[in-house]
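Enquirer: Sending over a structure as structure tokens; questions will come in a sec.
There are 2 protein chains.
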Amino acid sequence: MGFMSFFLGEKKQTASVAKERLQLILAHERSGRNAGTPDYLPQLKAELIAVISKYVKVDPSAVLVEREQQDNLEVLAVKIELPDAR
Amino acid sequence: MGFMSFFLGEKKQTASVAKERLQLILAHERSGRNAGTPDYLPQLKAELIAVISKYVKVDPSAVLVEREQQDNLEVLAVKIELPDAR
Numbered sequence: 001m002g003f004m005s006f007f008l009g010e011k012k013q014t015a016s017v018a019k020e021r022l023q024l025i026l027a028h029e030r031s032g033r034n035a036g037t038p039d040y041l042p043q044l045k046a047e048l049i050a051v052i053s054k055y056v057k058v059d060p061s062a063v064l065v066e067r068e069q070q071d072n073l074e075v076l077a078v079k080i081e082l083p084d085a086r
Numbered sequence: 001m002g003f004m005s006f007f008l009g010e011k012k013q014t015a016s017v018a019k020e021r022l023q024l025i026l027a028h029e030r031s032g033r034n035a036g037t038p039d040y041l042p043q044l045k046a047e048l049i050a051v052i053s054k055y056v057k058v059d060p061s062a063v064l065v066e067r068e069q070q071d072n073l074e075v076l077a078v079k080i081e082l083p084d085a086r
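Which chain is which? The protein sequence lines are A and B, in order. Numbering-wise (full-length UniProt numbering), the first sequence opens with residue 1 and increments by one. Numbering-wise (full-length UniProt numbering), the second sequence opens with residue 1 and increments by one.
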């Protein structure tokens with residue numbers, strides 16, 4: 001299943017009100033050799049949100065961050081509900 | 001299905017060689033009111049890759065970009081294969 005069908009499925013569940021949303025997903029798959037490298041995802045996430053804020057008005061209270069880790073895979077999901085353009 | 005199970009499923013398909021990978025997915029769901037706002041995703045994508053390059057060495061030839069659009073949903077996927085840490 002590709003990304004589009006994944007997000008379309010998600011969209012149907014949250015389709016209550018037609019809001020503008022931006023989702024940023026970071027998936028980091030480590031190989032054994034780099035297992036010891038420092039975890040830069042949290043810092044990277046903060047910088048990526050800062051870049052996004054240059055393009056759209058981001059209300060910090062409308063930013064939802066989810067983080068999951070399993071085996072050598074770490075997934076960071078940032079969901080941003082955007083204000084209606086006036 | 002959550003993001004983790006989605007990426008774990010993807011991982012199984014590409015599990016040939018244990019490489020370090022970073023995937024950045026941007027999903028932009030427009031509401032009707034903002035349909036006319038300019039498309040900033042391509043420019044945003046370039047800046048996000050630039051930020052990622054501050055954290056990990058990104059070989060431009062190892063960056064795969066996929067873009068899909070359906071209804072008011074646009075998904076941009078950036079797959080980066082990272083060099084082994086020496």
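Beta carbons: idealized from backbone N, C-alpha and C, even for Gly.
May I have the straight-line CA-CA distance separating residue 42 of chain A from residue 62 of chain B, to the nearest angstrom?
Expert: Here residue 42 of chain A is taken as the residue at index 42 of the first sequence, counted from 1. Here residue 62 of chain B is taken as the residue at index 62 of the second sequence, counted from 1. Approximately 23 Å between the Cα atoms of the pair.
Enquirer: Have a look at residue 19 of chain B and residue 11 of chain A and give me their C-alpha separation to the nearest angstrom.
Expert: Sequence index remark: in the second sequence, residue 19 of chain B carries index 19 (1-based). Sequence index remark: in the first sequence, residue 11 of chain A carries index 11 (1-based). So the alpha carbons of these two residues sit roughly 31 Å apart.
Enquirer: Beta strand (DSSP E) containing residue 54 of chain A: first to last residue?
Expert: In the first sequence, counting from the first residue as 1, residue 54 of chain A sits at position 54. No beta strand (DSSP E) holds residue 54 of chain A; DSSP gives it neither H nor E.
Enquirer: What does residue 44 of chain A reach in chain B if we use C-beta pairs closer than 8 Å?
Expert: Mapped onto the first sequence, residue 44 of chain A falls at position 44. Neighbours of residue 44 of chain A on chain B, chain order: 51, 52 and 55.
Enquirer: On the DSSP letters alone, give me the boundaries of the beta strand (DSSP E) that residue 30 of chain B sits inside.
Expert: Locating residue 30 of chain B in the second sequence gives position 30, where the first residue counts as 1. Unbroken run through residue 30 of chain B: none, as it is neither H nor E.
Enquirer: Check whether the stretch 63-78 of chain B touches the stretch 45-54 of chain A, counting contact only when three or more Cβ pairs, one atom from each stretch, lie closer than 8 Å.
Expert: The stretch 63-78 of chain B makes no contact with the stretch 45-54 of chain A: fewer than 3 CB pairs, one atom from each, lie closer than 8 Å.
Enquirer: Could you give the distance in angstroms between the alpha-carbon of residue 45 of chain A and the alpha-carbon of residue 8 of chain A?
Expert: Sequence index remark: in the first sequence, residue 45 of chain A carries index 45 (1-based). Sequence index remark: in the first sequence, residue 8 of chain A carries index 8 (1-based). If you take the alpha carbons of residue 45 of chain A and residue 8 of chain A, they lie about 24 Å apart.
Enquirer: Out of A:76, A:22 and A:2, state which residue places its alpha-carbon closest to the alpha-carbon of residue 83 of chain A.
Expert: Counted from its first residue, the first sequence places residue 83 of chain A at position 83. It is A:22.
Enquirer: Starting from residue 77 of chain B, follow the beta strand (DSSP E) in both directions and report where the run begins and ends.
Expert: By one-based count along the second sequence, residue 77 of chain B stands at place 77. Here the beta strand (DSSP E) through residue 77 of chain B covers 73-82.
Enquirer: Could you tell me whether the Cβ of residue 64 of chain A comes closer than 8 Å to any Cβ of chain B?
Expert: Sequence index remark: in the first sequence, residue 64 of chain A carries index 64 (1-based). Output row for residue 64 of chain A: interface = no.
Enquirer: Mind listing the chain A neighbours of residue 75 of chain B? Cutoff is C-beta to C-beta under 8 Å, in chain order.
Expert: By one-based count along the second sequence, residue 75 of chain B stands at place 75. The contacting residues are 3, 4 and 7.
Enquirer: Please identify the residue among A:4, A:81, A:74 and A:5 whose C-alpha is closest to the C-alpha of residue 30 of chain A.
Expert: In the first sequence, the residue the question calls residue 30 of chain A occupies position 30. Checking every option, the nearest Cα to that of residue 30 of chain A belongs to A:74.
Enquirer: Can you name, in chain order, every residue of its own chain whose Cβ lies under 7 Å from the Cβ of residue 70 of chain A, other than the five neighbours on each side?
Expert: One-based indexing of the first sequence puts residue 70 of chain A at position 70. So the list is empty, once near-sequence residues are dropped.
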